[in-house]
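Okay, so the sequence shown: first residue is 1 according to UniProt numbering, each after it adds one.
Even glycine gets a Cβ: it sits at the ideal position worked out from N, Cα and C.
Treat the numbers as computed from the prediction; the structure is a model and nothing was measured.
What follows is a set of notes on a single structure, which appears directly below.
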Amino acid sequence: MKNAMKQTLGAVPAARLTGTGPMSVAKQEADVQQAAAKPFIKGKFLTGSDIGLAVGIIIILTVLFLPVPAVVLDIGLAFSVLILMVALWIQRPLDFSAFPTVLLIATMMRLSLNIATTRVILTHGNEGYLAAGHVIHGFSQFVMGGDFVIGLVVFAILIIVNFLVITKGATRIAEVGARFTLDAIPGKQMAIDADLSSGLIDEKEAQRRRRELEEESSFFGSMDGASKFVRGDAIAGLIITAVNIFGGIVIGATRHGMDISQAADVFTKLSVGDGLVTQIPALIVSLAAGLLVSKGGTRGSADQAIFGQLGAYPKALLIAALLLFILGVMPGLPAFPFFLLGGAMAFVGIAVPRRQARQREADAAEAGKKQREAEEQERNSVKASLETNQIELCLGKQLSARLIASQEELAHRVNKMRRKFTQEYGFVIPEIKVTDDIALPPKSYRIKIHGTAVASHELRVGEILVVLGERPVPSVPGEEVREPAFGMRAYSVPETFTADLRREGYMTVDNLSVLLTHLSEIVRNNLAQLLSYKDMRILLDRLGPEYRKLLEDICPAHISYSGLQAVLKLLLAERISIRNLHLILEAIAEIAPLVRRPEMIVEHVRMRMAQQICGDLSDNGVLNVLRLGNRWDLVFHQSLKRDAKGEIVEFDIDPRLLEQFGTEASAAIRKHFDNGERFVLVSSPEARPYIRMIIERLFATLPVLSHVEIARGVEVKSLGAIS
1 MKNAMKQTLG AVPAARLTGT GPMSVAKQEA DVQQAAAKPF IKGKFLTGSD IGLAVGIIII
61 LTVLFLPVPA VVLDIGLAFS VLILMVALWI QRPLDFSAFP TVLLIATMMR LSLNIATTRV
121 ILTHGNEGYL AAGHVIHGFS QFVMGGDFVI GLVVFAILII VNFLVITKGA TRIAEVGARF
181 TLDAIPGKQM AIDADLSSGL IDEKEAQRRR RELEEESSFF GSMDGASKFV RGDAIAGLII
241 TAVNIFGGIV IGATRHGMDI SQAADVFTKL SVGDGLVTQI PALIVSLAAG LLVSKGGTRG
301 SADQAIFGQL GAYPKALLIA ALLLFILGVM PGLPAFPFFL LGGAMAFVGI AVPRRQARQR
361 EADAAEAGKK QREAEEQERN SVKASLETNQ IELCLGKQLS ARLIASQEEL AHRVNKMRRK
421 FTQEYGFVIP EIKVTDDIAL PPKSYRIKIH GTAVASHELR VGEILVVLGE RPVPSVPGEE
481 VREPAFGMRA YSVPETFTAD LRREGYMTVD NLSVLLTHLS EIVRNNLAQL LSYKDMRILL
541 DRLGPEYRKL LEDICPAHIS YSGLQAVLKL LLAERISIRN LHLILEAIAE IAPLVRRPEM
601 IVEHVRMRMA QQICGDLSDN GVLNVLRLGN RWDLVFHQSL KRDAKGEIVE FDIDPRLLEQ
661 FGTEASAAIR KHFDNGERFV LVSSPEARPY IRMIIERLFA TLPVLSHVEI ARGVEVKSLG
721 AIS
């Protein structure tokens, strides 16, 4: 035990209740009557936007039956332009989730205005070109140039572009988008649930994502149907224009006495002008629908998405500019347009990389600022305060002030201790966090594992500890105490006597060494708790290809990964190193097909690792053994209850015998502990796990072996027996 001591020192919302009695019922009835007496006009009934939308829909339906002024046509054109601008500037399709409803309203508005203008054309067309208003006349003069044949051609081209190109493409995109969005819903929902269960997101974020997923599926499903509005609108516009032309010619010739040629000229120009007035807004809305559904998963406005992606490749822009310059110098081709476009592309190709570099620098600076702010906020947040460290050393105020002065030495010795543990036990010990705790007594420290205090002690500042063992108390002023790590006899004396005590052959220990020795033993006693599932997977990933194949044969066919972790934890719980992981896997492969319980598997593993266990526990090549006497061996053997197959199912011992064993074992073990000897307790293989459970409550650091775990060739020295 003294040798172990020397090695360690050197390494070192509540719901509200409402009344239900007569008074509360009467009060509720009075509140209802008072609310009913208030006029709706003073409330929000007539002040919300819902009443405005209802009135607007009624006005649109009224246009179907009542004559309206020709100036109303401007509203349809302006509304279509507004829809296009919104579709251009939204960041993502869901930002305009009301688009299917808006599309229906816009389509109904255009058809209503088309019917209204049809009524005006057929009723007052004989009065001249201005009978249907200045808007239709302006379109007929500007677009058609006074020739109705040109107007028919332009109108036909608009119909073809709108119906066969934009509308058909937007409809197909909407259909595919709706199908793929609906197919992806189960996977996205599972991803949200997985992130929630793993703690990556909280319940509020999960609800937001589910709501967004629901809105996305509803939006693309609605767009699949809403695209039919645009297609039907184009067909209706073509039919209405044809009806206007033929109906106008018939009415003009039969009722108003107009010549066929004159009626054809007037009513064709007015009908085509009306068709252009309605089809141009229809084309604009179709374009908006196409932009919206083709946006897909791209974020940012349309100009950011298009120019950002086109401008992301300056070489392509420069090559295109060079090609335009070559076309500009070719004979027969206009030079100015090609030079102008080529110069613009060359300018963009040179300016974009510079702008991107400045943007990256600004983004990096902003990201660094946000990260610093986030770290500061995390340090001060409640969430950060709830997080626990795997190993934490809390120091009292006075103790912290003295140890902080030697902070570099403390950090060096702690890191050295962690490296030693890694080499000794085969896995990396978690980082040890050292903190101040004003709630502790000034000279005390506390050791926490996973946020739970497992040990504490008060040091005597200005004094040193003399480990006595069986030696007499030195003849210097001091006080006899127990060393905190092993419970050995010790003597606390002032630091001024250090040199004298060392000359007399006493082992002296300073406060920092006492603290780190205690910390080291606490870590050893909690190795099983410190081996996480993540640490185990890291160890398994470092295996060579041959043992990876062995691992695949074992897990999960015969034992799960969590079961394998349980076996490793059982070994570490008794301070058995897992550095020879390949030997452990070989032993598990032998026994796992036969038994399932980790407790039974680990006993076989221990037997196969007997050479390593005895080597680690030997003292200068000699294994000191304290045996279990024949009497107690028989008592424990009779306490093991077996089933029909001969397997141990229960350990049943008389409490009085258990108390007697504890008394006798404590006396025998304490004697050797106080002598500073390093030894093990040996028992029968069947009773070993149960004796270990009893002994670890008395002496947590004492190893308990079975006879079969003593390897051949090991020199054994008997220290006696517990009889």
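Over what stretch of residues does the alpha helix (DSSP H) that includes residue i continue unbroken?
i      : result
ILE326 : 314 to 329
PRO545 : 545 to 554
ALA562 : One detail in the question is off: residue 562 reads as Ser in this sequence, not Ala. That run of the alpha helix (DSSP H) goes 561 to 573.
SER723 : From DSSP, SER723 is part of no alpha helix (DSSP H); its letter is neither H nor E.
VAL509 : Taken as a continuous stretch (DSSP letters only), VAL509 belongs to no alpha helix (DSSP H), being part of the beta strand (DSSP E) at 507 to 509.
SER271 : 260 to 295
LEU200 : Looking at the DSSP string, LEU200 is not in any alpha helix (DSSP H), and its letter there is neither H nor E.
Excluding five sequence neighbours on each side, which residues of the same chain lie with their C-beta closer than 8 Å to the C-beta of residue i?
i      : result
ALA592 : ILE554, HIS558, ILE559, ILE601
LEU459 : LEU399, LYS443, SER444, TYR445, ASN511, VAL514, LEU515
LEU539 : GLY426, PHE427, ILE578, LEU581
ARG210 : GLN189, ILE192
LYS433 : ASN389, ILE391, GLU392, LEU393
Can the beta-carbon of residue i be found less than 8 Å from the beta-carbon of residue j?
i      : j      : result
THR278 : ASN114 : yes
ALA589 : VAL605 : no
LEU530 : PRO598 : no
TYR690 : PHE661 : no
LEU283 : ASN162 : yes
LEU681 : VAL716 : no
ALA98  : GLY290 : no
ASP224 : ALA178 : yes
LEU103 : VAL230 : yes
PHE155 : GLY275 : yes
PHE673 : LEU719 : no
Which first and last residues belong to the beta strand (DSSP E) in which residue i is found?
i      : result
ALA253 : Note, ALA253: premise wrong, no beta strand (DSSP E); alpha helix (DSSP H) at 203 to 254.
PHE421 : Taken as a continuous stretch (DSSP letters only), PHE421 belongs to no beta strand (DSSP E), being part of the alpha helix (DSSP H) at 407 to 425.
MET109 : First-last for MET109: 99 to 124, but that is the alpha helix (DSSP H), not the beta strand (DSSP E).
GLU599 : Counting along the chain, GLU599 falls outside any beta strand (DSSP E), though it belongs to the alpha helix (DSSP H) covering 598 to 608.
For residue i and residue j, I'd like the C-alpha separation in whole angstroms.
i           : j      : result
MET5        : ARG489 : For MET5, the predicted model reports a pLDDT of 47, less than 50, meaning its position is unreliable; a value from the coordinates is still stated below. Whole-angstrom Cα-Cα distance: 13 Å.
SER528      : LEU572 : Looking at the sequence itself, residue 528 is Ala, so the reference to Ser does not match. Spanning the two alpha carbons is a distance of roughly 5 Å.
ALA78       : ARG372 : 48 Å
GLU480      : LEU564 : 46 Å
PHE338      : ILE239 : 42 Å
TRP632      : LYS420 : 38 Å
GLU686      : HIS637 : 8 Å
ILE669      : ASP616 : 20 Å
THR167      : ARG537 : 55 Å
LEU318      : ALA357 : 18 Å
ALA610      : THR663 : 30 Å
THR254      : VAL165 : 40 Å
MET417      : GLU366 : 40 Å
VAL153      : LEU270 : 15 Å
residue 748 : GLY273 : Residue 748 lies beyond the stretch modelled for the chain, which goes from 1 to 723, so this question has no answer here.
ALA54       : LYS369 : 49 Å
TYR533      : SER562 : 8 Å
PHE96       : SER222 : 12 Å
LYS569      : LEU698 : 21 Å
ALA401      : LYS641 : 57 Å
ILE447      : GLY187 : 45 Å
SER456      : GLU521 : 12 Å
GLU361      : GLU376 : 23 Å
HIS450      : ASP535 : 15 Å
LYS42       : ILE51  : The predicted model places LYS42 with a pLDDT of 39, which falls under 50 and marks its position as unreliable; any figure quoted below should be read in that light. Each residue's Cα considered, the two are about 14 Å apart.
ALA344      : LEU82  : 29 Å
Can you give me the Cβ contacts of residue i inside the same chain, cut-off strictly under 6 Å, excluding the 5 residues immediately before and after it?
i      : result
ALA335 : GLY328
ILE653 : SER639
PRO93  : LEU292, LYS295
ALA721 : ARG627, GLY629
SER227 : ALA170, THR171, ALA174
ASN525 : ALA700
PHE325 : GLY342
ARG712 : none
Starting from the C-beta of residue i, find all residues in its chain whose C-beta is less than 7 Å away, skip the five residues before and the five after it, and write them out in chain order.
i      : result
GLU463 : SER492, VAL493, PRO494, GLU495
ILE438 : LYS397
GLY247 : LEU122
Does the beta carbon of residue i sit closer than 8 Å to a beta carbon anywhere in chain D?
i      : result
ILE235 : The structure shown contains no chain D, having only a single protein chain.
Contained alpha helix (DSSP H) runs [length at least 4] in the segment 613 to 700, N- to C-terminal order | 630 to 638, 655 to 674, 688 to 695
Which runs of the alpha helix (DSSP H) spanning at least 4 residues fall entirely within the segment 412 to 492, listed in chain order?
-> none
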